[in-house]
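What follows is one structure encoded as structure tokens, with my remarks underneath.
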Amino acid sequence: MAIKSTIYKVSLQISDLDRHYYQEHQLTLALHPSEQKQRMMVRLLAFARHAHENLSFTRGLSSDEEPELWQKELNGEIALWIELGQVDERRLRKACGRARQVMVYTFQHHAATAWWQQQGGKLARLKGLTVINIADSTAAELALFAEQRVLTLQCTIQDGTLWFTDGERTVEVMPQQGIGH
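Residue numbers (the working numbering): 134 to 314.
Spelled out as structure tokens, the structure:
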């Protein structure tokens, strides 16, 4: 018998002062059996950072043809394609051909560094690709929010920094573009 995903219900209030985006989202996140809470929370962080009425979660790990999140235009074109982790160069090349902008969020420093050393030269040439790194300690702090399966979070974004709070604790997230050495 296959292990089922764990379902999380998230009420996320976003105040993005950089983009003047202020909205509350009621989200359902599935934690895949092979996925860690850090990865799920980085997925939520990516949603908050790029929040838009047309941004949506996809089947993610369950699909080879879809990213973790995407923003589609009304005409079906993909404006934004978001991946997590150490993504294969061929997959990113294909994504860059399909979407205007492709974002990759990494959060495991050692694995991300090895991935970048191996594929960074090829990836740096892809038009529209941006790699964002989230510190391991930050991903671990975000995962603490997922101790419960019903979350009420506020996210404030200013000058590129994100602050997540549940009213009891606050996590500051300073995304870094590229992979550090």
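We put the CB at the ideal spot given by N, CA and C, even for glycine.
Selected residue, minimal CA-CA separation from residue i, among the options
i: Glu-301; options: Ala-228, Met-173, Trp-203, Leu-284; result: Leu-284
i: Val-143; options: His-153, Tyr-155, Leu-177, Tyr-154; result: Leu-177
i: Ala-269; options: Leu-256, Val-306, Lys-260; result: With the sequence shown as reference, residue 269 is identified as Asp, and Ala is not the correct amino acid for it. Of Leu-256, Val-306, Lys-260, the residue nearest in Cα terms is Val-306.
i: Glu-157; options: Leu-259, Gln-287, Gln-309; result: Gln-287
i: Val-175; options: Asn-187, Lys-227, Ile-267, Leu-277; result: Ile-267
i: Asn-208; options: Asn-187, Ala-163, Gln-251; result: Asn-187
Assigned exposure category for residue i - 16 Cβ within 10 Å defines buried
i: Ala-279; result: buried
i: Glu-210; result: exposed
i: Glu-216; result: buried
i: Leu-295; result: buried
i: Tyr-155; result: exposed
Sequence-distant residues of the same chain with beta carbon closer than 6 Å to residue i, five excluded per side
i: Phe-190; result: Leu-202
i: His-314; result: Model confidence at His-314 stands at a pLDDT of 44, short of 50, so the residue's coordinates are unreliable; what they give is reported in the following sentence. Excluding residues within five positions, none has a Cβ falling inside 6 Å.
i: Ala-212; result: Gln-204, Glu-206, Arg-233
i: Val-304; result: Glu-274, Leu-275, Phe-297
i: Thr-239; result: Ala-245, Asn-266
Closer than 7 Å: residue i CB and nearest the ligand ATP heavy atom
i: Trp-203; result: For the ligand ATP, the structure offers nothing, since it holds no ligand at all.
Same chain only: Cβ atoms within 8 Å of residue i, ignoring 5 sequence neighbours per side
i: Gly-293; result: Asp-151, Met-307, Pro-308
i: Ala-225; result: Looking at the sequence itself, residue 225 is Leu, so the reference to Ala does not match. Cβ within range, chain order: Glu-216, Val-235, Val-237, Leu-256, Leu-259, Leu-262.
i: His-183; result: Leu-202, Gln-204, Leu-213, Ile-215, Met-236
Inset, instruction - Decide if the stretch 143 to 152 is in contact with the stretch 166 to 175; the criterion is three or more beta carbon pairs, one per stretch, under 8 Å apart. - result: no
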